Every structure is written in structure tokens, then in C-alpha cells.
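Here is the structure we will look at, set down as C-alpha cells.
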Amino acid sequence: MLKLYGFAVSDYFNMVKHALLEKGVAFEEITVFPDQTPEYLAKSPMGKVPCIETEQGFLCETSVILDYLEAAYPEKPLIPADAWQQAKVRELVKVSELYIELAARRLLPALLAGAPVADSVQTEVREVLEKGVRAVNALASFSPFVCGEQQTLADIVLRYSLGIAKLAAGSVLKWDLLEGNSELKAWDERMAQNPICQQLDADMQAQFDAFLKKVNAK
Ligand SMILES: N[C@@H](CCC(=O)N[C@@H](CS)C(=O)NCC(=O)O)C(=O)O
């Protein structure tokens, strides 16, 4: 059976777990934290989570894993069949990761461990997030999902990217990322009603304090 390595507070882990649950793929979850030990690096060469283990071997990098799952388990697709529609989904996935997730990630040391964050970094992150949200609004149809009537990988990647960005923006920048973005906010609230999101959010809450302790014990 496919194995998924990672931990419940990780947004990237949750993207893959959400896709597996949505697609109905059986998997075993193995809780691991990012790790630079030779044992874990043999599974995930950057020591990051998530990674998966298949009968053929290990695979890391969330977008690559998501693409693999689409190809290997096409029964319940999270990518449309049409080439153009596929590209539009991947465009939103890319924008969400580059300009929402990765921008917000720069604030994680401040969010999780209270590390000081230079004003220049705060300004840079806010600028990227503003543009990222603007790009998402320009690309998404919200009808009711971001790329149309069906839930796709774009909804999944945006949802968990936005989760960390809302948290970091609110806590570190004292800024409500979704203020003035009513369609995006309504979509985010709709996604939060999805039973899989609810399950993963509950798992994240349950692990959050222990994760914070682990981060701050280093
Ligand atoms: N590019 C990676 C990023 C994954 C990532 O950054 N995961 C975090 C946890 S949410 C991690 O492992 N951080 C530890 C590190 O960067 O060494 C992917 O797409 O899977």
C-alpha cells in the first residue's frame, strides 16, 4: 500500500493527503518531521515532507507527487481532460505555490518561534502576497470551485497555501489577507465545509501545540 510521510501541521503534507482522500486511494500515513538524517534523506533527498513510498520507490516534491497520483489513479480525476483546462489548473497551482505559499513561508520563523523579521522582509512579503492574491482573483472563476464546476488540484493547493498565508499575515503582519476579497473569502469558507478539509484542519489543530513545542525546543 502507498505510504505517505509527513505531519498534520504541514500544508504541503495536507495537499497530498487531501488529494489521496478525495481520490479514494488507500494509503498508510507515517508521521515524520523534516529530518536531515541519512535514513530520511534516503527517502526524501532534501529532508522535507511530504514524500510518498510506492512499490516502485520514493517520491518527493508535492506538485510532482500530485501529478503522479493523477497519472497513477485516474479514476477520480482532480485535473480536467482538456489540455487547455489542465494548463489553467496548473497555472493556478503554480501561482498559489510561488506567490502565496512561498511568500508566506518567509514569515514562519516569526510565526512559529517569534523570530524577529526585518521591516524590509515584511514589506516584501506583503507586496508579493498582495500580487499573489490579485493574480488568484484574476485567474479563479469561483464557480463554485476556482477552475469551474469540479474541484481540482488548484482548489487543494490554493486552500492549504492560503491557510498558512492567512495565519502568517494575521499574526506577523497584522493584516487580514482576505479583507476586500469577498469571492476568495467565500470560496475559502466553502472549502472549509468540505469534510476532508474539516478532518485535516482538526488533525492540524490536534498536533499544533506539540509541533510548536518541537520547533521551539531546537
Ligand atoms: N518543495 C517542497 C516543499 C515542502 C516543504 O517545504 N515542507 C516543509 C514542511 S511544510 C518542510 O519539510 N520543511 C523543512 C525544510 O525545509 O527543511 C514540496 O513541494 O514538497
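Using my numbering, the first residue of the sequence shown is number 85, and each one after it goes up by one. We put the beta carbon where it would ideally sit given N, CA and C, even for glycine. All figures in this text were calculated on a predicted structure; none of them were measured in a lab.
Setting aside the 5 residues that flank it on each side, I163 is surrounded in the same chain by E154, Q170, V173, T236 and L237, each with a C-beta closer than 7 Å to its C-beta; the list follows chain order.
Rounded to the nearest angstrom, the gap between the Cα atoms of P129 and K215 is 32 Å.
Under DSSP, F111 takes part in a beta bridge, and its partners are L86. The DSSP-derived three-state label of I280 is helix. Residues whose Cβ lies closer than 5 Å to any heavy atom of ligand 1, listed in chain order: S94, Y96, P118, K132, V133, E145 and T146.
Using a Cβ distance threshold of 9 Å, A224 and E267 count as a contacting pair.
DSSP assignment within the segment 110-169 yields the following whole beta strand (DSSP E) runs of 3 residues or more, N-terminal first: 111-115, 135-138 and 141-144. With 16 or more other Cβ atoms inside 10 Å of its own Cβ, W271 counts as buried.
Per DSSP, G216 has no beta-bridge partner at all. If you check the CB distance, P118 and G131 come in under 9 Å. Excluding five sequence positions before and after K269, the CB atoms of its chain that fall closer than 7 Å to its own CB belong to L262, given in chain order.
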